[in-house]
Amino acid sequence: MSNSSAKGDASYQQIKRLNQIGIALSSQRDKRQLLSLILTSARELTGAEAGTLYIRETGTLYIRETDVPSLRFDIVQNDRLNINLGGRDQSPVDNFPPIPLLTEDGKPNDKMVVAWSVNNNLTVNIPDAYSHKGFDFSGTRAFDQRTGYRSCSFLTVPLSDHDGHVIAALQLINKLNPKGEISTFTKKDQELAESLASQAAMAIINQRLINEMKTLFDSFTRVIATAIDSKSPHTGNHCRRVPDATLMLAEAACRSRHPAIKDFNMTEADFYELKTAAWLHDCGKVVTPHHVMEKSRKLETVIDRIGWVEDRLEILLRDLRINALELKMQALEQGTNVLADLEALKEREQTLLDDMEFLHHCNIGAEFVTDEDLQHLERIRNYVWADKKGCERFFLTEDEYRNLCIRRGTLNPEERKIMEGHMTATLSMLEQLPFPEHLKNVTEYAVCHHERMDGKGYPRGLSRDQMSIPARIMGIADVFEALTAPERPYKQPMKLSQALAIMGRMVEDNHLDPDLFQVFVEEKVYMTYGAKHMKPEQMDEVNLQELKGLNRSVV
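For the record, in the sequence shown the residue sitting at position 45 is 45 according to the UniProt record's numbering, with numbers rising by one throughout.
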């Protein structure tokens, strides 16, 4: 083979290797790995024994109370001294102070070779630092004196973005020839390093843009969740706690050996997708009317109308007291015995007071309304009172009576339908978002937490077989958070035993997934969540033997 052929083959191999490195740079997602790969590849292509990758940043130094741009040592490698700092799983670079790009009087720092290279966006190739007169290498010489090393040849290359702004710099030290001797970086070495620097700069910018977009998207999802929580202090922090409960159960499902999910596993990307869905699971509540979300009492609209009912009671009590006074006057004038009538009025007064206490209790909505309670409400509704015009009216209006008859909770059927409509709104909102491939399941996960295993849930009436495991996980997380939440005004925060007992009955009613509830209990996810989000008085003992909804054969 001729000498020219050998050189041509070597050049081809270098170009081929440069292309391979470019492909590797474009596919690398780990920041530490990417930066380490840039420096390692530059040293490989040029035969450099050592090198440093600097990152340009602002705010490292402070002069005259203004931020001064500087270069931070990010990756440092030296084969002879066995130094490898800043890479993934490596010690950070914290022994080198940043290099300022400006002097104290605000002028460009032209004494340091890497600062000059960055300020002028030009490559600097120095054959021998010890004989070079243009730059200050006193720091390099001090390093050499401490370590016994000799820094001789330098190749400094700036890394620029698409706008020509320098974002980083490569400094390669001591090119080694085939005999292992220190030599000068050639023009070809410089061209290879500059070509790699161009590719590396784009890789850094692309990764930075990806990370910034991810940060922006994550912040956006949290802003929506925060807005929803702020909209209703009674459900405040719900959108923050559900992601925690969801991921805790998902992690437990991945490590569980339960027969039904033993093959279930999630990658880091899968967890991120599920977490995003959990943050967005109630985004449709932004369109739910405030008075419905905030309805903490059955008679509440803009205000709690129980006060109006109390006013009518005062009128009835006033009338009773007037009747009592009239009877006493009659007894004085006519000498009749009215004790029996007075006793009847007193009993009637006590009955009204008891009725009002009953109405207050019904208005809270914390307990199930029984058939006997409905009969009691019917009797109270038929009481008659006279307004200021003397018109007689029933004690409770039709709307008041209908709301007080709500069996469970505080929402009447129309309001519950409005509330359930937040899932339709969530579905509509999320379907309009062009989620990328790695977030393609966000909509499914987010909108299934009100579905049931028997297909009687909403908004789409999906059954268990039509939902993925992560979607079913979110359903359990949402229910558990709602049961144990401390801010609900119509109920006390449930203890663990009470919450799990209700969830067990929901499993038997085909509301919640039985296998995932089994994992929730077996892996003690409720304890992990409770330690983070529940009050100490809620953390009581749970008798698993009495808990419904469990498959005893795998307990």
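Virtual Cβ for every residue (Gly too), placed ideally from N, Cα, C.
Taking the Cβ atoms as the reference, Gln171 lies roughly 7 Å from Phe154, within the contact range of under 8 Å.
The Cβ-Cβ distance between Asp282 and Thr156 does not fall below 8 Å. Ranked by how close their Cα comes to the Cα of His162, the residues Leu209, Leu85 and Pro470 have Leu209 in first place. When secondary structure is reduced to three states using DSSP, Gln20 falls in the helix class. Taking 8 Å as the upper bound for CB-CB distance, Glu57 and Ser70 are in contact here, some 6 Å apart.
Around the beta carbon of Asp105, fewer than 16 other beta carbons sit within 10 angstroms, so the residue counts as exposed. Between Leu512 and Gly475 a beta carbon distance of about 6 Å is seen, short of the 8 Å cut, so the two are scored as contacting. Here the alpha carbons of Val479 and Asn441 stand approximately 21 Å from one another. Across the structure, Ala269 and Thr226 are spaced so that their CA atoms are roughly 24 Å apart. In the same chain as Cys448, and ignoring 5 residues on each side of it, the C-beta atoms closer than 6 Å to its own belong to Met467 and Ala471, in chain order. Residue state for Lys214 is assigned as helix, using DSSP reduced to three classes. Look at Ser296 here: in three-state DSSP terms it is coil, with no helix or strand label. For Gln90, the three-state secondary structure derived from DSSP is coil.
Taking each of Ile406, Pro289, Asp454 and Met539 in turn and checking the Cα distance to Phe368, the smallest one comes out for Ile406. Across the structure, Leu39 and Ile205 are spaced so that their CA atoms are roughly 16 Å apart.
Counting only the Cα atoms, Thr370 lies some 14 Å from Leu359. If you draw a 10 Å sphere on the C-beta of Cys391, you find fewer than 16 other C-beta atoms in it, and that means exposed. In this structure Val68 does not touch Ala253 by the C-beta definition: roughly 51 Å separates them, more than the 8 Å allowed. Counting only unbroken stretches of 3 or more residues, the beta strand (DSSP E) elements lying wholly within the stretch 341-400 are 384-386 and 392-394, in sequence order. In the three-state DSSP reduction, Ser160 falls in the strand class (E or B).
Using a Cβ distance threshold of 8 Å, Val525 and Leu550 do not count as a contacting pair.
By alpha-carbon distance to Phe135, the top candidate from Ser151, Thr147, Leu516 and Val114 is Val114. Comparing C-alpha distances from Glu181 to each of Ser117, Arg150 and His376 shows the shortest one belongs to Arg150. Only buried fits Met503, as 16 or more other CB atoms lie within 10 angstroms of its CB. Contact check for Leu159 against Ala197 passes: the beta carbons are separated by less than 8 Å. Going by DSSP, Ile55 is part of the beta strand (DSSP E) stretching over Ala48 to Ile63. Sixteen is the threshold: since fewer than 16 other Cβ atoms of the shown chains lie within 10 Å of the Cβ of Leu122, the residue is exposed.
Residues of the same chain with a CB within less than 8 Å of the CB of Ser497, apart from the 5 flanking positions on each side, are Asp540, Glu541, Val542 and Asn543 in chain order.
Here DSSP, grouped into helix, strand and coil, assigns Ala169 to strand. In the same chain as Leu327, and ignoring 5 residues on each side of it, the C-beta atoms closer than 8 Å to its own belong to Val338, Asp341, Leu342 and Leu345, in chain order.
In the three-state reduction of the DSSP assignment, Asn120 falls in the helix class.
When the alpha-carbon of Ala482 is set against those of Met356, Arg241, Cys152 and Glu415, the nearest one is in Arg241. CA-CA distance, Pro436 to Thr443, rounds to 12 Å. When Lys495, Asp79, Glu420 and Thr46 are compared, the shortest CA-CA separation from Pro289 is found for Glu420.
Here Pro459 is buried. Its C-beta has 16 or more other C-beta atoms within 10 Å.
DSSP, reduced to helix, strand and coil, places Gln77 within a strand of the structure shown.
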